[in-house]
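In what follows, a structure is listed as structure tokens, so that the remarks can point back to it.
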Amino acid sequence: MGKVVHLVLFISCLSLLWSCQPELERKGIPVWAGLTIDSNCRIQEVSPQTEIVKHMGLTGISVEIPLEVNPREISGSFKYYENHPLDTLILSLQQAVLPYTLSFDLRNPRQAPLQSVDWKKQFTEISGLLLRTGNYPPSTIIFMGELVNPALPPTLLRDFVSQIQSNFQPFQGEIVYAYFPEVFEDSIDLETPDIIGIRYHQSPDESLIPFYRKTNQMISQKLIQWQKPGMIVQSNLLGEEKVKQFRYQLRYWDEKADIRGMILNSLYCRLSLTENESFFALGEDAAFQKYLKQYLN
């Protein structure tokens, strides 16, 4: 009888200790669903699935728009008079009263020299897309890719941002410049953005703990040094350990580092949170869905 009592007490103590273990993840970080759209998305298939976003307790949706570097000798393809999936998406978000961020990722697949880029056309295309949001503007505008390349004069994008803030009155939100960790250096523009964005690469196949500890501690010190908040704008949760990746991305931050949010994987035309048939899909991972809901609630 005595052995049974001792065993019960031992198990009770273990349960108590386990329940008292500190949570290592940063709590209270706003989490956004991700969605990537361009003019190739069929309007009828672009659905923000606002009910799911609200049910999960997510803050809102991050809308990412990929753009390509446009050299001067190549004419632009953006046409203001054509319908764009962003029109339908903004209307859905407005009807659901759901906040969103708007990201512009300028890619350079042809490796065109930056001095050959027609920046007037690039900014005209972004302006045209922003004008479509006038009736329901984003809470945050994110710039990444070649738009924030440290090799460019910081005044190039700074002047464009100043024009947005001065002339596009509906937008009263924050500006984010987003970088991969290896680009975090003192030469990036720290004056213009309100927030510094963090783009995670795909996690390594193993050794997640040392990878995220080193990365997040480095970024923490930079944010503290720069006196800027940070935001995870691309989480890149892949493979069979999405829960671990999600948790480790929210760990190892210095308590003085201000992390304003985290954006989940983006898929073209659809939310990764509800999709099952893609490398970036999160809908088929029951463990991730369960942990995410626990974290948010």
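Quick note on numbering: our numbering labels position 277 of the sequence shown as 287, and the sequence is numbered without any gaps.
From the three backbone atoms N, C-alpha and C, an ideal C-beta is built for every residue, glycine too.
Just so it is clear, the structure is predicted and the values come from calculations on it, not from any experiment.
Contact annotation: the segment 255-274 touches the segment 224-233, with at least three C-beta pairs closer than 8 Å. In the structure shown, W263 adopts coil according to DSSP, grouped into three states. Here DSSP, grouped into helix, strand and coil, assigns L112 to strand. Nearest Cα to E195 within the set I53, V158, I174 and C279: V158. In the DSSP annotation of this structure, E184 is not part of any alpha helix (DSSP H); the continuous beta strand (DSSP E) holding it starts and ends at E184 to Y189. By the CB criterion at 8 Å, R280 and M241 fall outside the cutoff. When secondary structure is reduced to three states using DSSP, Q255 falls in the helix class. Between V127 and V79, the C-beta spacing is below 8 Å. Nearest to K238 by C-alpha distance, out of I205, D215 and R209, is I205. Residue environment for T111: buried (at least 16 other C-beta atoms within 10 angstroms of its C-beta).
Residue S72 holds the alpha-carbon nearest to the alpha-carbon of P147 among Y278, M154 and S72. Annotation for E285: L277, A291 and G293 place their beta carbon closer than 7 Å to its own, counting only its chain and skipping 5 residues before and after. The C-beta separation of L274 from A43 comes to about 6 Å, placing the pair in contact by the 8 Å criterion. Taking 3 residues as the shortest admissible run, the segment 114-170 contains the following complete beta strand (DSSP E) segments, listed from N- to C-terminal end: 150-155. Residue nearest to V193 within the set M154, W129 and L306 is M154 (criterion: CA-CA distance).
Under the three-state reduction of DSSP output, A106 falls in the coil class, being neither helix nor strand. Pairing P180 with G138 gives a Cβ-Cβ distance that is not under 8 Å. For the pair Q244 and Y210, the CB atoms are nearer than the 8 Å cut-off. S72 is bridged by DSSP to G44 and T111. Going by DSSP, I208 is part of no alpha helix (DSSP H) but of the beta strand (DSSP E) stretching over I205 to R209. D295 places its beta carbon less than 8 Å from that of K252. For L281, the pairing in a beta bridge is given by DSSP as S276.
Excluding its 5 nearest sequence neighbours in each direction, S197 has C-beta neighbours in its own chain below 7 Å: P160, listed in chain order. Here V41 is near T69, since their CB atoms are less than 8 Å apart. By DSSP's assignment, L77 forms a beta bridge with L116.
In the same chain as F221, and ignoring 5 residues on each side of it, the C-beta atoms closer than 6 Å to its own belong to P214, in chain order. Under the three-state reduction of DSSP, R223 is assigned to helix. In the three-state reduction of the DSSP assignment, V56 falls in the coil class.
Contact check for P95 and I151: beta-carbon distance about 18 Å, past the 8 Å limit, so the pair fails to qualify. The continuous alpha helix (DSSP H) containing Q304 extends over residues A296 to L306.
Ranked by Cα distance from G207, the options Q299, E92, P191 and P58 are led by P191. The three-state reading of DSSP puts I62 in helix, counting H, G and I together.
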